[in-house]
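Participant:
Numbering (our numbering), first residue to last: 7 to 150.
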């Protein structure tokens, strides 16, 4: 009787591991290229938040713009995100992950054009690094 319970627990545990691996490999819904940071002018929301419907590469300085990050990080790692304009750092933040799950997709509802100090016309580059190694990047041209 106890042996039967153990094998049922093992089957359940094995199934959960397979489901976790499948979910991890799906990342941002499978629609993005891993290692990318995409920009969009619509506020990310719902299940499609990690798959921007209208990715943009150029925006006016006053236009709303949001970022979607698609990458893989290790459990327990801290991902650093830096935003630069024409090579000058505007903002740098750290995103800690849990000890059991790394980060893979983040859809940020922060309006970069309104909330990043120094935002304006120029070449914007957003870079995500883990332990000093780049894991994702994206560029955006901001016009006056």
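For every residue, glycine included, the Cβ atom is placed at its ideal position computed from N, Cα and C. Here the structure is a predicted model, which is why all the values come from computation and not from measurement.
Can residue 103 and residue 112 be called in contact, C-beta distance under 8 Å?
Facilitator: Not in contact: residue 103 and residue 112 (Cβ atoms no closer than 8 Å).
Participant: Residue 153 by DSSP, collapsed to three states: which one?
Facilitator: Nothing about residue 153 can be reported from this structure: the residues present for the chain run from 7 to 150 only.
Participant: So residue 136 packs on residue 83, CB below 8 Å; how close in whole Å?
Facilitator: 5 Å between Cβ atoms; contact.
Participant: Taking residue 122 as the reference, which of 91, 105, 61 has the closest Cα?
Facilitator: Cα-wise, what sits closest to residue 122 is 91.
Participant: Beta carbon of residue 143, beta carbon of residue 43: below 8 Å?
Facilitator: Yes, the Cβ-Cβ distance between residue 143 and residue 43 is below 8 Å.
Participant: Would you tell me roughly how many angstroms separate the C-alpha atoms of residue 117 and residue 145, rounded to the nearest one?
Facilitator: Approximately 16 Å, taken between the alpha carbons.
Participant: Which residue's Cα is closest to the Cα of residue 141: 62, 99, 80, 56?
Facilitator: Nearest C-alpha to residue 141: 80.
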